[in-house]
Amino acid sequence: NGPTIAIAGVTGAVGQEFLRVITERKFPYSNIKMLASARSAGRQYEFEGETYTVEELTEDSFKGVDIALFSAGGSISKKYAAVASAAGATVVDNSSAFRMTEGVPLVIPEVNPEAMAGYRAGGGGIIANPNCSTIIALVAVAPLHRLAGVKRMVVSTYQAASGAGQAAMEELELQTREVLDGKPVTQNIFPFQYAFNVFSHNSPMTDNGYNEEEMKMVKETHKILGTSDIRVTATCIRVPVMRAHAESINLEFERDISEEEALRALAAAPGIQVADDRAANWFPTPLSVSHLDDVFVGRVRRDYSRDDARGLNLWVCGDQVKKGAALNAIQIAELLL
Ligand code: 2RA
Numbered sequence: 030n031g032p033t034i035a036i037a038g039v040t041g042a043v044g045q046e047f048l049r050v051i052t053e054r055k056f057p058y059s060n061i062k063m064l065a066s067a068r069s070a071g072r073q074y075e076f077e078g079e080t081y082t083v084e085e086l087t088e089d090s091f092k093g094v095d096i097a098l099f100s101a102g103g104s105i106s107k108k109y110a111a112v113a114s115a116a117g118a119t120v121v122d123n124s125s126a127f128r129m130t131e132g133v134p135l136v137i138p139e140v141n142p143e144a145m146a147g148y149r150a151g152g153g154g155i156i157a158n159p160n161c162s163t164i165i166a167l168v169a170v171a172p173l174h175r176l177a178g179v180k181r182m183v184v185s186t187y188q189a190a191s192g193a194g195q196a197a198m199e200e201l202e203l204q205t206r207e208v209l210d211g212k213p214v215t216q217n218i219f220p221f222q223y224a225f226n227v228f229s230h231n232s233p234m235t236d237n238g239y240n241e242e243e244m245k246m247v248k249e250t251h252k253i254l255g256t257s258d259i260r261v262t263a264t265c266i267r268v269p270v271m272r273a274h275a276e277s278i279n280l281e282f283e284r285d286i287s288e289e290e291a292l293r294a295l296a297a298a299p300g301i302q303v304a305d306d307r308a309a310n311w312f313p314t315p316l317s318v319s320h321l322d323d324v325f326v327g328r329v330r331r332d333y334s335r336d337d338a339r340g341l342n343l344w345v346c347g348d349q350v351k352k353g354a355a356l357n358a359i360q361i362a363e364l365l366l
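Heads up, the sequence shown is in full-length UniProt numbering, so the first residue is 30 and it goes up one at a time.
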């Protein structure tokens, strides 16, 4: 048995990944309500030997629901998360709608589980799942922050198509075929050709010259690590990779930290695998980490542009759909049991 779960946005890439992760982690449930737009209502899914029929998401969808997983976009979360909470469901929201709302925990279970103390399945409330590129960066940065106090973080991201959804993944494949066949490329999702190209992240530009994805990295890092003293700056780029993000991270610390200390702390930290083989010049890649749970860290090395031992560079890869979204949300749900 276990809680009754609702999945709002079950037909999307993350919605489908929720189901895979529930099975992989043997997450206990007594029933699952699969919710989506009217357009998808009636669609059927076979899941763990049962046939489920997708229901239209309405205000009445959450009666008797203990945990409501949302990944249907910010407007749906804004419209229904409070309704679900009022019906007694504890909401785990993958959208950005409530991440910066005062009083809403923004949680990476390996980093700041204490932020959701007191929340339980069926107790109502909203818990926000951080942005994927923030999760993947902070799973690696947090143990180093605890060790030597991060003072400044400079992040360059190389973000996969999955972050922009199923349609972007399909467009990447279609365009790649078209280019190789010498045909004009189909272009619907992004303002730039995606195949054999990279471009500035497609999120809207804000008024300071940074896009929303970059500002999420800054603001969510401050909320999750519990301090706005850390100086954060980011450049977020979309790259022609299917479903795992890669990030180059430069860190400045309050105290000296050696490569050996950093490697030991990373190896001991939950949710991380260190893949740092200088002899073989072999390091994590998006393809090698796709569909895996952990964040992989390599290229751990002192920042020699400094004349002290307070700088490190890292290379981090993590699956955007899994740890960047669905797995992190299910791990939050596990803390509600
Ligand atoms: C992206 N972080 O990769 C977004 C997805 N939530 O575009």
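Positions of the beta carbon are idealized from the N, C-alpha and C atoms, including for glycine. Quick caveat: nothing in here was measured; it's all calculated off a predicted structure.
Given a cut-off of 8 Å on the beta-carbon distance, is the pair V318 and A273 in contact? In the sequence shown, counting from the first residue as 1, residue 318 sits at position 289. In the sequence shown, counting from the first residue as 1, residue 273 sits at position 244. The answer is yes: Cβ separation under 8 Å.
Candidates R149, E88, R181 and A294: which alpha carbon is nearest P32's? Within the sequence shown, residue 32 is the residue found at index 3, counting from 1. If we check each option's Cα against that of P32, R149 comes out closest.
Within 10 Å of its beta-carbon, does L316 have 16 or more other beta-carbons around it, so buried, or fewer, so exposed? Along the sequence shown, one-based indexing puts residue 316 at 287. The residue is exposed, with fewer than 16 neighbouring Cβ atoms inside 10 Å.
Can you give me the start and stop residues for the beta strand (DSSP E) that Y187 sits inside? Against the sequence shown, residue 187 aligns to sequence position 158. V179 to Q188 is the span of the beta strand (DSSP E), which, as asked, contains Y187.
What is the DSSP secondary structure of S277, counted as helix, strand or coil? Along the sequence shown, one-based indexing puts residue 277 at 248. Of the three classes helix, strand and coil, the one that applies to S277 here is strand, per DSSP.
What does the alpha-carbon distance come out to for the pair A338 and N226? Stepping through the sequence shown from its first residue, residue 338 is reached at position 309. Stepping through the sequence shown from its first residue, residue 226 is reached at position 197. If I take the Cα positions, the gap works out to 37 Å.
Use the C-beta contact count for G344: other C-beta atoms within 10 angstroms, 16 or more gives buried, fewer gives exposed. Walking along the sequence shown from the start, residue 344 turns up at place 315. According to the sequence as given, residue 344 is Trp; it is not Gly. Answer is buried; the Cβ neighbour count reaches 16.
In this structure, how does DSSP classify Q216 when only helix, strand and coil are distinguished? On the sequence shown, residue 216 is found 187 positions in, with the first residue counted as 1. Q216 falls in the coil class under three-state DSSP.
Determine which residues share a DSSP beta bridge with D122 and list them. Position 93 of the sequence shown, counted from the start, is the residue given in the question as residue 122. Paired residues: F99 and A157.
Any idea what DSSP makes of N342, helix, strand or coil? Within the sequence shown, numbered from 1, the residue matching residue 342 stands at position 313. In the structure shown, N342 sits in a strand (DSSP, three-state: E or B).
Residues bridged to K62 by DSSP? Residue mapping note: residue 62 aligns to position 33 of the sequence shown, counting from 1. Looking at the DSSP assignment, K62 forms a beta bridge with A35.
For V261, report the span of its beta strand (DSSP E) as first-last. Locating residue 261 in the sequence shown gives position 232, where the first residue counts as 1. R260 to R267 is the extent of the beta strand (DSSP E) around V261.
Excluding sequence positions up to five away, which residues of its chain have a Cβ less than 6 Å from the Cβ of L280? Numbered from its first residue, the sequence shown carries residue 280 at position 251. Excluding sequence neighbours, L280 sits near V179, M182 and L341.
Would you mind sorting G38 into buried or exposed? The rule is 16 or more other CB atoms within 10 Å of its CB. In the sequence shown, the residue the question calls residue 38 occupies position 9. So G38 counts as buried.
When the Cα atoms are used, what is the spatial distance from V208 to E199? By one-based count along the sequence shown, residue 208 stands at place 179. By one-based count along the sequence shown, residue 199 stands at place 170. Near 14 Å, if we compare the C-alpha coordinates of E199 and V208.
Would N237 be called buried (16 or more neighbouring beta carbons within 10 Å of its own) or exposed? Numbered from 1 along the sequence shown, position 208 holds the residue referred to as residue 237. Flag for N237 reads exposed.
Pull up the distance between the alpha-carbon of T82 and that of S69, whole angstroms please. Walking along the sequence shown from the start, residue 82 turns up at place 53. Walking along the sequence shown from the start, residue 69 turns up at place 40. Straight-line Cα distance between these residues: approximately 10 Å.
Reducing DSSP to helix, strand and coil, say where G347 ends up. For the purposes of this step, residue 347 is taken as the residue at position 318 of the sequence shown. In the structure shown, G347 sits in a strand (DSSP, three-state: E or B).
Neighbourhood of A275 by C-beta distance below 6 Å, restricted to the same chain and skipping five residues each side: Walking along the sequence shown from the start, residue 275 turns up at place 246. The residues are Y187, P315 and C346.
T52 to Q45 span [Cα, whole Å]: If you number the sequence shown from 1, residue 52 lands on position 23. If you number the sequence shown from 1, residue 45 lands on position 16. Distance between the alpha carbons of T52 and Q45 is about 11 Å.
State yes or no: is the C-beta of D323 within less than 8 Å of the C-beta of I301? As a position in the sequence shown, residue 323 is number 294, starting the count at 1. As a position in the sequence shown, residue 301 is number 272, starting the count at 1. Against a cut-off of 8 Å, the Cβ pair of I301 and D323 comes out as a contact.
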